[in-house]
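**Student:**
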Amino acid sequence: MRRILIAGAILCWCSLAIEAQQPAAPQPGLKWTDDQILKAARHVRAGRTLTPKSWPNGARVAVCLSFDPDNFSIALNRGNTSPVTISEGEYGALTGMPRILRLLDRYNLPATIYVPAVAAMMHPDMIKEVVKSGRHEIAMHGWIHEDPQEINDAEEEWRLISQAMTLLEKMTGKRPTGNRNPSWTMSQYTMGLLKRAGLLYDSSLQSMDQPHDVLIDGQSTGIVELPVNWILDDAPFLPATASLPAPRLIMKTFKDDFDQAYKEGTLFMLTMHPHITGQRSRMKYLEELILYMKSKPGVWFATAEDIAKYVKQQTGPTQ
Amino acid sequence: MPKRILIASIIAASATLAAVAQQQPLPRTPGDTQPGRKWTEEQLKQAVSGVRAGRKLTPRSWPNGARVAVALTFTLNNSANMFARADSAVVQLTGGEFGAVTGLPRLLDVLDRQNVPATFFVAATAAIADPQMIPAIVKRPRHEVGVLGWSDENALTIDSAAEEERLLAKATDIVAKAAGRKPVGARGPSSVLSPHTMGILKKAGFLYDSTLMGMDEPYEVLLNGQPSGIVELPVSRLLDDQPTLTAPRFGPSTLPSPELVFETFRDDFDAAYQEGTLFLLTLHPHLIGMRSRIGHLDDFIAYMKSKPNVWFATAADIARQVKP
């Protein structure tokens with residue numbers, strides 16, 4: 001008992017110390033009624049799972065390699081034009097993306113490129129290079145990697161979505177059918193606006209690790225969600241100041257995740273950034289991961305668009 | 320007026336015009352933290368036109384048919400950034416002093432034993448605090464000394480071209496006197512350049528800069544859209560010991576495992592060797608000079624030396640080789 005008491009005292013002291021350091025976050029939600037809780041929790045929610053009985057040609061798992069060439073759009077949106085910051089982003093367009101495209105060419109693999117419209121505008125050659133092979137999909141990633149939650153204005157968000165779609169269509173000759181929201185952040189309006197834009201699929205939500213329908217206020221939207229996850233993304237780990245800048249260890253996690261997706265027969269969606277994974281010391285591990293996945297029988301490498309189309313065709317109308 | 324001079328003055332005039340256009344303030348609504356989303360295409364392009372990557376400068380082959388150029392660069396800021404912030408915290412200052420009194424001598428020994436050249440970017444106030452450093456470096460004539468600003472200051476915070484120019488001139492002077500040679504290379508203190516810095520370096524006649532990250536091979540810097548003649552020998556945060564190996568109390572310390580950090584250095588070198596470009600490493604004597612790390616550096620240099628056709632050179636020699 002005495003030991004427990006001491007432990008309790010230490011715990012209390014620690015939490016007091018932490019409290020003293022950080023002002024407690026306001027918690028107005030503690031006063032919400034059940035209805036208010038349900039309204040918040042159920043506004044945008046996962047609908048039924050949409051993994052088909054089997055993938056094309058009897059494949060066991062669908063693999064989507066996706067790249068977000070944000071380059072310096074994030075900084076530019078924030079009004080940060082400092083030369084070193086711009087150069088760090090520029091690396092993605094000038095060095096990272098060409099290196100990634102060479103790797104994808106070597107193995108004849110398709111990929112989906114979620115590009116902020118302004119990043120495409122700033123580096124039109126990068127877009128030309130992506131389109132050249134005919135294998136890759138170009139899809140939406142905001143106008144300038146904006147944060148719609150912070151903007152919190154449906155009209156302004158619609159302006160940005162519309163002009164992004166128009167610009168990408170003009171540059172690629174094809175209207176995008178898919179979306180990934182910048183920083184995986186959405187406002188209360190985003191999903192409704194994506195439906196209004198007539199998009200086939202989205203790739204920003206995180207409630208499952210297989211394709212699913214998206215519900216808005218309980219109603220099926222028919223939008224196919226190809227979910228993402230922060231642990232299948234290079235950004236939180238691999239930049240020098242991120243949490244584990246050790247590509248060998250992170251690609252091992254990606255491989256373990258793939259193995260389980262393969263076992264379960266669902267979807268392996270990987271999110272990478274040309275200015276991060278396109279660095280010289282990261283590429284060999286991506287190549288090893290690709291070779292590993294290719295060594296397994298029944299792996300379908302596809303663009304997110306092709307996966308969403310197949311899912312929709314196999315699982316029937318969702319509304 | 321000879322034609323060449325005429326063209327040159329037209330270019331100069333249009334560069335000035337571009338610089339003026341650059342100074343047109345971009346619209347910002349007070350309180351809006353995402354101003355860029357409202358900028359027009361022209362304004363967006365203007366916003367990033369100051370300093371950009373120009374053409375690649377990697378030569379067909381390096382001297383004596385070498386496949387890759389290796390620049391070992393060391394940033395000697397020690398406690399300079401604390402001086403800039405008028406911070407005289409006693410124990411923290413010793414963390415920087417370690418670089419001068421322990422890290423650097425240990426490092427110079429390793430470089431002597433491996434017989435490879437290196438480049439040291441020194442902050443002027445670090446040289447004032449520890450005047451023995453630069454003489455110890457230049458006693459080995461294969462090394463180069465470059466400038467790291469006056470006191471590892473943040474040029475963006477200074478926000479004045481005149482003040483920045485004054486600090487750089489003063490710093491260059493101190494480093495030149497101590498080294499007995501005018502420095503030809505600069506690295507932006509605090510890994511930062513202001514919109515004015517590159518123009519100031521050009522005016523002061525610097526051969527190269529080593530602060531930007533637009534590529535992983537040498538390139539020419541574009542200044543307001545015009546080729547500047549300045550060689551950029553780009554750095555990478557992944558080829559820098561600061562983010563990963565700083566002591567936890569003083570910095571990010573994201574991967575305090577020299578073994579894993581050097582694994583990345585080695586993988587990066589292997590790819591640079593394959594691609595035939597440049598491998599430029601940025602280390603700090605107060606971090607890499609610690610006992611548990613110096614052996615990894617020693618082994619890594621030995622590894623690079625074991626490959627055929629690797630050209631170890633100072634940043635200045637590499638810049639001279641590729642200068643447009």
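Just so you know, the sequences run in chain order C and E. Every letter in the first sequence is one number past the one before it in the numbering used here, and letter 181, counting from 1, is 181. Every letter in the second sequence is one number past the one before it in the numbering used here, and letter 219, counting from 1, is 538. Cβ coordinates follow ideal geometry from the N, Cα and C atoms, glycine included. All values reported here derive from a predicted model rather than from experimental measurement.
What residues in its chain sit with their C-beta under 7 Å from that of P378 of chain E, if we drop five residues either side in the sequence?
**Tutor:** Here residue 378 of chain E refers to the residue found at position 59 when the second sequence is read from its first residue. Closer than 7 Å at the Cβ level, and outside the excluded window around P378 of chain E, lie Q640, V641.
**Student:** So which residues of chain C does M517 of chain E contact, with C-beta pairs closer than 9 Å?
**Tutor:** One-based indexing of the second sequence puts residue 517 of chain E at position 198. Chain C residues near M517 of chain E: P83.
**Student:** Mind checking the segment 488-518 of chain E against chain C and listing, in chain order, the residues whose C-beta falls within less than 8 Å of any C-beta there?
**Tutor:** Against chain C - using a Cβ distance shorter than 8 Å - the residues of the segment 488-518 of chain E are G507, S510, V511, L512, S513, P514, T516, M517.
**Student:** Taking only three categories from DSSP, how would you classify N628 of chain E?
**Tutor:** In the second sequence, residue 628 of chain E corresponds to position 309, counting from 1. DSSP places N628 of chain E in coil when its eight states are reduced to three.
**Student:** Does the beta-carbon of A488 of chain E have 16 or more other beta-carbons within 10 angstroms, so that it is buried, or is it exposed?
**Tutor:** Reading the second sequence from its first residue, position 169 is the one you call residue 488 of chain E. Classification of A488 of chain E: exposed, given that the 10 Å Cβ count is below 16.
**Student:** Helix or strand or just coil, what does DSSP make of D256 of chain C?
**Tutor:** The sequence position of residue 256 of chain C within the first sequence is 256, counting from 1. Three-state DSSP puts D256 of chain C in a helix.
**Student:** Are T596 of chain E and E536 of chain E close, meaning C-beta to C-beta below 8 Å?
**Tutor:** As a first step, residue 596 of chain E is located in the second sequence; it is residue number 277 there, counting from the start. As a first step, residue 536 of chain E is located in the second sequence; it is residue number 217 there, counting from the start. Contact: yes.
**Student:** Select from the segment 268-282 of chain C all residues with a C-beta closer than 7 Å to any C-beta belonging to chain E, and list them in chain order.
**Tutor:** Hits within the stretch, in order: Q279, R280, S281.
**Student:** Which first and last residues belong to the beta strand (DSSP E) in which Q219 of chain C is found?
**Tutor:** In the first sequence, the residue the question calls residue 219 of chain C occupies position 219. Note, Q219 of chain C: beta strand (DSSP E), 219-225.
**Student:** Secondary structure at D125 of chain C, three-state DSSP: helix, strand or coil?
**Tutor:** By one-based count along the first sequence, residue 125 of chain C stands at place 125. D125 of chain C: helix per DSSP, three-state reduction.
**Student:** Does the distance from the C-beta atom of P116 of chain C to that of D147 of chain C stay below 8 Å?
**Tutor:** Within the first sequence, numbered from 1, the residue matching residue 116 of chain C stands at position 116. Within the first sequence, numbered from 1, the residue matching residue 147 of chain C stands at position 147. No, the pair does not count as a contact, with Cβ atoms beyond the cut-off.
**Student:** Tell me, please, which residues DSSP counts as bridged to G178 of chain C.
**Tutor:** Residue numbering aside, residue 178 of chain C sits at position 178 when the first sequence is read from its first letter. DSSP lists C:Y201 as partners of G178 of chain C.
**Student:** Cβ closer than 8 Å: which chain C residues qualify as neighbours of M609 of chain E?
**Tutor:** Here residue 609 of chain E refers to the residue found at position 290 when the second sequence is read from its first residue. Chain C residues near M609 of chain E: none, gap ~19 Å exceeds 8 Å.
**Student:** Restricting to Cα atoms, I'd like to know which of E:S576, E:T394, E:L526, E:G570 is closest to R610 of chain E.
**Tutor:** Your numbering for residue 610 of chain E matches position 291 in the second sequence. Of E:S576, E:T394, E:L526, E:G570, the residue nearest in Cα terms is E:S576.
**Student:** Compute the Euclidean distance between the alpha carbons of A635 of chain E and D209 of chain C, then round it to the nearest angstrom.
**Tutor:** Against the second sequence, residue 635 of chain E aligns to sequence position 316. Against the first sequence, residue 209 of chain C aligns to sequence position 209. Near 52 Å, if we compare the C-alpha coordinates of D209 of chain C and A635 of chain E.
**Student:** Under 8 Å, do P346 of chain E and K357 of chain E count as touching if we go by C-beta distance?
**Tutor:** Here the question's residue 346 of chain E lines up with position 27 in the second sequence. Here the question's residue 357 of chain E lines up with position 38 in the second sequence. Cβ atoms of P346 of chain E and K357 of chain E: closer than 8 Å.
**Student:** Determine, using beta carbons only, whether A587 of chain E comes closer than 8 Å to chain C.
**Tutor:** Counting from 1 along the second sequence, the entry for residue 587 of chain E is found at position 268. Checking the displayed sequence, the identity of residue 587 of chain E turns out to be Asp instead of Ala. Cβ-Cβ to chain C under 8 Å: yes for D587 of chain E.
**Student:** What does the Cβ neighbour count give for S529 of chain E, buried or exposed, with the cut at 16 atoms within 10 Å?
**Tutor:** Walking along the second sequence from the start, residue 529 of chain E turns up at place 210. Flag for S529 of chain E reads buried.
**Student:** Helix, strand or coil for S479 of chain E per DSSP?
**Tutor:** Here residue 479 of chain E corresponds to residue number 160 of the second sequence, with the count starting at 1. Correct three-state label for S479 of chain E: coil.
**Student:** Could you name the residues that DSSP lists as bridge partners for I320 of chain C?
**Tutor:** There is no way to answer for residue 320 of chain C, as the model of chain C reaches only from 1 to 319.
**Student:** Taking the straight line between their C-alpha atoms, what separation do you get for A340 of chain E and T85 of chain C?
**Tutor:** Stepping through the second sequence from its first residue, residue 340 of chain E is reached at position 21. Stepping through the first sequence from its first residue, residue 85 of chain C is reached at position 85. Since pLDDT at A340 of chain E reaches only 44, below the 50 mark, its modelled position is unreliable, and no value is offered.
**Student:** Apart from the five residues on each side of it in sequence, which residues of its chain come closer than 6 Å, Cβ to Cβ, to T563 of chain E?
**Tutor:** Numbered from its first residue, the second sequence carries residue 563 of chain E at position 244. Counting only Cβ-Cβ distances below 6 Å, and skipping sequence neighbours, we find T573, L574, V580.
**Student:** Measuring alpha carbon to alpha carbon, tell me which residue in E:E582, E:K522, E:R371, E:A455 is nearest I620 of chain E.
**Tutor:** Taking the second sequence and counting its residues from 1, the one referred to as residue 620 of chain E is at position 301. Answer by Cα proximity: E:E582.
**Student:** Going by alpha carbons, who is nearest to L270 of chain C out of C:R196, C:L65, C:T315, C:L289?
**Tutor:** Here residue 270 of chain C corresponds to residue number 270 of the first sequence, with the count starting at 1. Looking at the Cα atoms, C:L65 is the closest of the given residues.
**Student:** Nearest-angstrom Cα distance between T352 of chain E and V429 of chain E?
**Tutor:** Reading the second sequence from its first residue, position 33 is the one you call residue 352 of chain E. Reading the second sequence from its first residue, position 110 is the one you call residue 429 of chain E. Their backbone Cα atoms lie some 49 Å apart in a straight line.
**Student:** What ranges does the alpha helix (DSSP H) occupy inside the segment 509-579 of chain E, keeping only unbroken runs of at least 4 residues that lie completely in it?
**Tutor:** You should have 516-522, 560-564.
**Student:** Since D618 of chain E meets chain C, which of its residues come closer than 9 Å, beta carbon to beta carbon?
**Tutor:** Numbered from 1 along the second sequence, position 299 holds the residue referred to as residue 618 of chain E. The premise fails here: D618 of chain E is roughly 17 Å from chain C at the closest Cβ pair, so nothing lies under 9 Å.
**Student:** For G89 of chain C, does the three-state DSSP call read helix, strand or coil?
**Tutor:** For the purposes of this step, residue 89 of chain C is taken as the residue at position 89 of the first sequence. If DSSP states are grouped into helix, strand and coil, G89 of chain C belongs with the helices.
**Student:** Which whole-angstrom value is the C-beta distance of I453 of chain E and L552 of chain E, which I expect to be below 8 Å?
**Tutor:** For the purposes of this step, residue 453 of chain E is taken as residue 134 along the second sequence, with counting starting at 1. For the purposes of this step, residue 552 of chain E is taken as residue 233 along the second sequence, with counting starting at 1. In fact, because the Cβ distance is near 21 Å, the residues do not count as touching under 8 Å.
**Student:** For M272 of chain C, which beta-bridge partners are listed by DSSP?
**Tutor:** To locate residue 272 of chain C, count along the first sequence from 1; it is residue 272. C:F67, per the DSSP bridge assignment.
**Student:** Just to confirm, is the Cβ distance from V387 of chain E to A446 of chain E under 8 Å?
**Tutor:** Against the second sequence, residue 387 of chain E aligns to sequence position 68. Against the second sequence, residue 446 of chain E aligns to sequence position 127. No; because the gap between Cβ atoms is not below 8 Å, this pair is not in contact.
**Student:** Tell me which residues of the segment 459-490 of chain E have at least one Cβ-Cβ distance to chain C shorter than 8 Å, keeping chain order.
**Tutor:** Flagged, chain order: L475.
**Student:** Three-state secondary structure (DSSP) at L50 of chain C?
**Tutor:** As a first step, residue 50 of chain C must be located in the first sequence, where it is residue number 50. It is coil, neither helix nor strand.
**Student:** Against chain C, with Cβ distances strictly below 8 Å, would P378 of chain E count as a contact?
**Tutor:** Residue numbering aside, residue 378 of chain E sits at position 59 when the second sequence is read from its first letter. Closer than 8 Å: no.
**Student:** Could you tell me whether any Cβ in chain C is nearer than 8 Å to the Cβ of A372 of chain E?
**Tutor:** Working through the second sequence from its first residue, we reach residue 372 of chain E at position 53. Cβ-Cβ to chain C under 8 Å: yes for A372 of chain E.
**Student:** Rounded to whole angstroms, what is the Cα-Cα separation between T413 of chain E and R612 of chain E?
**Tutor:** Numbered from its first residue, the second sequence carries residue 413 of chain E at position 94. Numbered from its first residue, the second sequence carries residue 612 of chain E at position 293. Spanning the two alpha carbons is a distance of roughly 19 Å.
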